[in-house]
Structure formats: C-alpha cells, structure tokens
Amino acid sequence: MRLQTLTISHVRRAVESYLRAAYPDGAPAAQQRVQDTLKKATRLREVRSLFESPRSQDNVTCRRYTLRLGNRRYPFMKLVIQEYLVEGEYFFSVDTHDELKVTPDMADYDEWLELRRFNAEMKDRIEEAWARVDLPTHTNLRVMMENIAARSLGPCRDGRLLVVDDENDVAHGLAALLRSRGFQVEVAFDGAQVLQRLEEQGSFDLIVLDFSMPVMTGEEVIQRMRRDPRFKDQPVLMATASDIDLSRVPTCAAYLRKPYPRELLLAMVDQLLGCD
Numbered sequence: 324m325r326l327q328t329l330t331i332s333h334v335r336r337a338v339e340s341y342l343r344a345a346y347p348d349g350a351p352a353a354q355q356r357v358q359d360t361l362k363k364a365t366r367l368r369e370v371r372s373l374f375e376s377p378r379s380q381d382n383v384t385c386r387r388y389t390l391r392l393g394n395r396r397y398p399f400m401k402l403v404i405q406e407y408l409v410e411g412e413y414f415f416s417v418d419t420h421d422e423l424k425v426t427p428d429m430a431d432y433d434e435w436l437e438l439r440r441f442n443a444e445m446k447d448r449i450e451e452a453w454a455r456v457d458l459p460t461h462t463n464l465r466v467m468m469e470n471i472a473a474r475s476l477g478p479c480r481d482g483r484l485l486v487v488d489d490e491n492d493v494a495h496g497l498a499a500l501l502r503s504r505g506f507q508v509e510v511a512f513d514g515a516q517v518l519q520r521l522e523e524q525g526s527f528d529l530i531v532l533d534f535s536m537p538v539m540t541g542e543e544v545i546q547r548m549r550r551d552p553r554f555k556d557q558p559v560l561m562a563t564a565s566d567i568d569l570s571r572v573p574t575c576a577a578y579l580r581k582p583y584p585r586e587l588l589l590a591m592v593d594q595l596l597g598c599d
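Every letter in the sequence shown is one number past the one before it in this note's numbering, and letter 21, counting from 1, is 344.
Written out as structure tokens, the structure reads:
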C-alpha cells in the first residue's frame, strides 16, 4: 500500500481487529481511548499523532510507525505500519517485542518462553484478521517480492545462503529475491531449525539471521554456534528491528536495521561474499 492511499479507515480497521483479538473480554481504558480518537479523527495528522514516528536523527532508510497496544498478557506488543523491502510500499504487522534477554538460569525462564509462544500466536491471529479485512500484511509483501524476483534476474552469483525469520512470508520473500541473483537459498523459521541445518549440512557461506524469534532468539543461536568449533567462524548477517547492545552479538559479520530496502540487503550480501 502506498502511503498516499492509506486512509483513516484503514487504521481504524487495523486497530479494531487488533483489539478484538488481543482483548477478547474488552480493551482497557487506554486502548479504548485510542479507538475513540480514531472514531473522531477527520485528518491523518490526528491519526499519526497516536504513533511513534521515525526521528530525523535516526537516519532511517525505510519508515516505521508503531502504536503500542499490548495484549491481555503482555503490555508491550505493537501495531506496526512500515515500509519494507519495496520503496514506498507499506505493510501492517505486529511487533511482539521479543528483544528481552531471557536466559535458562532465570527462575521464570519457562514462563517467559510460554509468553513468547503466546505472543507469536497472537501476532498470527491479528495479522490473519487484517488480511480478512483487506489490509496489506507480509503475505502481500511475499507475493510482491516473488513478482519482483521473477522480473529482475540479476548477475549470477554463487554461494549457499540460509535465510532465517520466524515470519514465514518474510523468509520466503527474501529467499525469492536472493535466488533471483543466483544464490542457493534455504529458509528456516526458528533457531532450532538453524542448528539442525548446520548439523546436517555443515556451514553456509552466509546466514541472514533475524534477532527476534520466539523460543530461541538470534542471540542464542549465535552463542550456540560459537561454542561449536565447526561453526565458530560461520558468517552471520544479523537483522533487527530494535536497538540492541551489539556486544550481545559481537561475532556477527554485519548488522541490518529493519525495516530495510532490498537494495541494501543485496549490497551487503554481495560485499560479505566478495561478489563483484
């Protein structure tokens, strides 16, 4: 969806569907006030005031607008409208805010893992509801990326890549784009699958790894890889939508701030693999 075609009605539908799924017994007062503001709004600037917007000093390449609405068990989940991979095209998604550092030595470790699973299921439920009311989600992004890949075969590259993202549509969209450049690309959707692929197939020329994943985060994947002498030098391009302490993942070859344009991803992959 182009930003010029985004209307107040689109945002109203997105918030209504979100709150219906996130709070089946009724939304709290703060979230109800958001709905009331949207019902009364007559200009998009009134709607935009509800969202956290990119700051000029952030020097972002793709714009991302977030509205924290939470859910009945977790207050930090967000509704996101962001430009991703395709310049000028915006998509609705849910940010589960899974960047919290959770380690097995924590007394409530199992509870945190269960909450991550709950949030991931809630995200899927909300985004499916958006699709039913004709809002563009990452399913639309995948279709768009596959169409772009089919039309834009680039110079033939060589290399085995593993693309990892817990959002299946994003992973498949990225894979289609990279395959159009000649790369051999596999996809994985969680950290456990990454470790299994490495065990079965050995190292890849590059792993494009999402930081925020339920159950096992990108950080945990890195830590487990580096403890294995076979994979201590496995090149990783880490992608994250949030500000993280890079000292937590110091052995990554490079970092990508999400959302990013596809041109930046392709340029970084070429650079890391030494493609001409």
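Even glycine gets a Cβ: it sits at the ideal position worked out from N, Cα and C.
On the DSSP bridge assignment, give the partners of V510 in chain order. Here V510 is bridged, per DSSP, to V486.
With a Cβ-Cβ cutoff of 8 Å, do L464 and V493 count as a contact? The Cβ-Cβ distance between L464 and V493 falls below 8 Å.
Which residue's Cα is closest to the Cα of M467: V487, G496, V592, C598? Scanning V487, G496, V592, C598 for the CA closest to the CA of M467 turns up G496.
Among L589, L326, Q354, R440, the one whose alpha carbon lies nearest that of C479: Here the closest residue by C-alpha is L589.
Examine the Cβ distances between the segment 426-435 and the segment 443-453 and report whether three or more of them are shorter than 8 Å. These segments do not touch.
Using 10 angstroms around the beta-carbon of N394, count the other beta-carbons present and answer buried if the total reaches 16, otherwise exposed. With 16 or more Cβ atoms within 10 Å of its Cβ, N394 is classed as buried.
Under 8 Å between C-beta atoms of A562 and D418: No.
Unbroken beta strand (DSSP E) runs of length 3 or more, entirely within the segment 542-588: which are they? Taking only runs of at least 3 residues, the beta strand (DSSP E) segments lying wholly in the segment 542-588 are 559-563, 577-580.
Rounding to the nearest angstrom, what Cα-Cα distance links Q524 and L485 in this structure? In this structure, the CA atom of Q524 is about 11 Å from the CA atom of L485.
Environment of A511 [buried if 16+ CB atoms lie within 10 Å]: Buried: at least 16 other Cβ atoms inside 10 Å.
Exposed or buried, L326, counting other C-beta atoms within 10 Å across all chains shown (16 or more means buried)? Counting every other CB atom within 10 Å of its CB across the protein chains shown gives L326 a total below 16, marking it as exposed.
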